[in-house]
Amino acid sequence: MSPTPPRRLRLGMPKRMFSQVLLMQVAIAAGVAVLATGLFLAPLSEQLDDQAMRRALAIAQTTAAQPRLAEELKSTPASADGPVQAEAERIRKASGAEYVVVMNVDGTRWSHTNPAEIGGHVSTDPRSALSGREVMEIDSGTLGRSARGKVPLRDTDGRIVGAVSVGIEYDSVRARLIHAIPGLFAYAGGALAVGALAAYLISRRVQRQTRDLAFSDIAGLLAEREAMLHGIREGVVALDREGRIRLLNDEARRLLGIGDEAVGQPLDTALGEGRTTDVLAGTVTGTDLLTVRGQRVLVANRMPTDDGGAVATLRDRTELEQLGRELDSTRGLIDALRAQDHEHANRMHTLLGLLELEMYDDAVEFVGEVVGDHRATAEQVTEKIHDPLLAALLVGKATVAAERAVALWISDSTLFPDRLIDPRGLVTIVGNLVDNALDAAAGTLHARVEVELRAEGRTAVLRVRDTGPGIPAEQRELIFTDGWSTKKPPAHRKRGIGLSLVRRLAERQGGSARVSEADGGGAEFTIVLPEALAEPGLAPEPAPAPGLVLKSAATTVNEESR
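Each residue of the sequence shown is one higher than the one before, starting from 591 at the first, in the numbering used here.
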C-alpha cells in the first residue's frame, strides 16, 4: 500500500460566518488600537519635546533674572573658580538641567558643566539670543543632543551684556516617552480585549441568527428563495410585525391583483377591507380558509414567524371549484334521472297491469295524463320565462324538487323576456339560490320553493322564497361572507362560496343581493341586476345551441348553506 500523503495546511478565510465575522472584527479592533496608539504617540513625542524646551527656556530666564549675574559677568574674568561659574552650577544642580552656560557678547563661555570648556567659544550660534530674542530648540553641542533655551542677559541699564543657554538632556525626554509607552500599550491592549470580547458576543449573536451558515450558504439560500418564490404556483405574502407587506411573489400579485407598489403598505391599504384582508392579517384563524378575491376563489394559510410577522400562502381553487360545481350538478342530474327512472318503472308497471287486465281505454288515458303532466310543467315555465337557459334550468330543478318532495313554483307575477345580456351569470345566481332553497325546504311540512323573475325596464329582479326555517336577522349578512356555512362540506371541496359569488356577480353588474323573512316564514332572497337586459327591439347575444342548455344548467353552484 502506498503511504498516505501528508495533509497540506491550508491557510485562508474560514468558511463559517461566525469565524469570518469574529476574525474581521478582531482585525478591525486591532487595527483601530494600533492606529490610535500611533496617533497618540506622535503628538506625545512632540509634546514632550515642547515641554523640555519650555523648561529649559524657563531656567534660562530665571538665571538671566539674577541681579548680580550681569555685573559679575562684566567685572570678573572667565574662570572655573569665578562667581559666574558658581552661580550657574548652583542653578544647574537645583533645576536638574544638563548644563547652564553663561556667555558674553562674543560667545565666550563664563560657565559650563565641564570646567575645561570655560573660556572657549560656544559650539552653537548665539547670535539670536545676543540680538535680544529668546530661543527654544533641540540641537546638538559638546554634551550631545539636548533641548535648549537661550535668553539675552541684560545689565541694570537694559543693555545686552551676554546670554544664558540652558540645556535639558534629550535622553531624559526620550526616556519619558519610552516610559509612557508600556502604559499606553496596556490601555490599547485593554481596549483590544474589550473589542475582541464584544466582537465575540456579536459574532455569537450573528451565529445564532444565521444558524451558523457560511456566507456562501446564505447567498445560495437567497438565490434558491428567489427561484422558489417566483417559480412555485402558490402565492406567497410575507408581512412584518406591523402588518405591512414586505414580500410578494409573482403568483400572489396575480391572484390578489396588486403590484409592486403594495410592498411596504398595510394590508387594508393594499387590498381594501374584506375577508381576504382579515384572513391574511390573522383576524380570521384556521387552516385552508376560503376567500374570494375578484372572480377567484382562494385558499389561504397563515404561519406566524419568530420576528412577529407572518407568511401567508394562497392557492387558486377557482378551477377546482368549477369542477366541484360541475360534479355537484352531475350528481343532481343523476339523482333526477334515477328519480325519473324509478317513476318511469312504476308507470310502466301500471301500464302493463292495465294492458293485462284489458283495460285499454284506461291505459290510453293514463299515458295521456303522464305525457300531459310533463308537457304542462315545461309549458308553464316557458310561457313565463322566455330565456332558454333559465327555462331549461328551472325545468331540471323541478324534477330534482319532485324527487326531494318539494314543490317548485313559478310565481304568477313572473314574466321574463329573452333579452338577457349575460344569461350565464343569471343562471349561476338562480341555480345557487334554488339549490339552497331546496336544501332548506326539504323535510318541512308542505315544502315549497317559489321563484319570481321579472323585468322592470332593463332591470332584472329575482326573488326566491322557501318554507324552510329562515335565517336569523343577525346572520343575514354573514351568509354572504366567504367561507361562512353551517353545512357539512362534501369530500371534494369546501362550502361557503356560493352566496358570496352570488353577491359578487350582482355587485359586478351594479346590483345588490339581500335576504329577508318570507311571508309565512322561511327566507326570501332578492337579487336586483340593473341593466341586465338589452333595450327592447335589440337582439341579445346569441343563445347557445340546444345541446348546451342542460350543460349550462348543470354548471350552477350548489355549495352554500344557511
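We put the beta carbon where it would ideally sit given N, CA and C, even for glycine.
Alpha-carbon spacing of residue i relative to residue j, whole angstroms
i: GLU948; j: PRO1007; result: 48 Å
i: ARG907; j: ALA1103; result: 24 Å
i: ALA619; j: SER793; result: 14 Å
i: MET818; j: PRO856; result: 25 Å
i: ASP868; j: ALA778; result: 58 Å
i: ALA992; j: LEU1068; result: 30 Å
i: GLY884; j: ALA871; result: 18 Å
i: MET938; j: ALA902; result: 60 Å
i: PRO657; j: VAL784; result: 59 Å
i: GLN651; j: ARG682; result: 13 Å
i: ILE1061; j: PHE1115; result: 11 Å
i: LEU1052; j: ILE1117; result: 5 Å
i: GLY1156; j: GLY1101; result: The shown model of the chain, from 591 to 1152, leaves out residue 1156, and the question about it has no answer.
i: ALA828; j: THR859; result: 15 Å
i: ARG717; j: THR666; result: 23 Å
i: ALA1108; j: ALA1050; result: 20 Å
i: ALA719; j: LEU625; result: 40 Å
i: ASP1012; j: GLY862; result: 28 Å
i: GLY748; j: GLY722; result: 11 Å
i: GLU955; j: LEU1119; result: 45 Å
i: THR746; j: GLY780; result: 58 Å
i: ILE924; j: VAL985; result: 15 Å
i: ALA981; j: THR972; result: 6 Å
i: GLY1058; j: GLY1111; result: 7 Å
i: GLY602; j: ALA786; result: Note on GLY602: pLDDT 49, under 50, position unreliable in the model; the coordinate value appears next. If I take the Cα positions, the gap works out to 20 Å.
i: ALA648; j: ALA623; result: 37 Å
i: GLY710; j: THR703; result: 13 Å
i: ALA1129; j: ARG1009; result: Below a pLDDT of 50, predicted positions are generally treated as unreliable, and ALA1129, at 48, falls in that range; no measurement from the model is reported.
i: GLN1099; j: ALA1122; result: 8 Å
i: VAL725; j: ALA687; result: 16 Å
i: TYR950; j: LEU941; result: 9 Å
i: VAL1020; j: ASP977; result: 13 Å
i: ALA988; j: VAL1017; result: 15 Å
i: ASP715; j: LEU663; result: 20 Å
i: ASN891; j: ILE835; result: 16 Å
i: VAL1105; j: GLN1065; result: 10 Å
DSSP state of residue i mapped onto helix, strand, coil
i: SER665; result: helix
i: SER546; result: Nothing about residue 546 can be reported from this structure: the residues present for the chain run from 591 to 1152 only.
i: SER713; result: coil
i: ILE1117; result: strand
i: LEU1154; result: Because the chain spans 591 through 1152 in this model, residue 1154 falls outside it and cannot be assessed.
i: PRO856; result: strand
i: ARG937; result: helix
i: MET949; result: coil
i: LEU782; result: helix
i: ASP1056; result: strand
i: ILE1019; result: helix
i: THR866; result: helix
i: GLY874; result: This sequence places Val at residue 874; Gly is not what is there. If DSSP states are grouped into helix, strand and coil, VAL874 belongs with coil.
i: ARG698; result: Checking the displayed sequence, the identity of residue 698 turns out to be Thr instead of Arg. Residue state, collapsed to three classes: strand.
i: ILE1068; result: Reading off the sequence shown, one finds Leu at residue 1068, where the question assumed Ile. Note: LEU1068 maps to helix in three-state DSSP.
i: ILE792; result: helix
i: ILE728; result: strand
i: LEU942; result: helix
i: GLU1125; result: coil
i: PRO673; result: helix
i: ASP840; result: helix
i: ARG723; result: coil
i: GLN1099; result: coil
i: ILE651; result: Before going on, a small fix: residue 651 reads as Gln here, not Ile. DSSP places GLN651 in helix when its eight states are reduced to three.
i: ILE924; result: helix
Rounded Cβ spacing between residue i and residue j (contact assumed at less than 8 Å)
i: VAL741; j: TRP700; result: Between TRP700 and VAL741 the Cβ distance is about 15 Å, and since that is not below 8 Å, they are no contact.
i: GLY1015; j: LEU1095; result: 5 Å
i: ILE728; j: ALA737; result: 5 Å
i: GLY752; j: VAL692; result: 6 Å
i: ALA1030; j: ALA1113; result: 7 Å
i: ARG744; j: ALA678; result: With 8 Å as the limit, ARG744 and ALA678 do not qualify as a contact, their Cβ atoms being about 17 Å apart.
i: LEU1028; j: ILE975; result: So it is not a contact: roughly 18 Å between Cβ atoms.
Which residues DSSP lists as bridging residue i, in chain order
i: THR903; result: VAL826, ASN891
i: PHE1006; result: ILE975
i: VAL754; result: VAL692, VAL741
i: ARG1044; result: LEU1005, VAL1051
i: ILE1000; result: VAL1041
i: LEU879; result: ALA890
i: ARG834; result: PRO856
i: GLU759; result: SER736
Contact the stretch 986-1003 vs the stretch 1026-1042: 3+ CB pairs below 8 Å | yes
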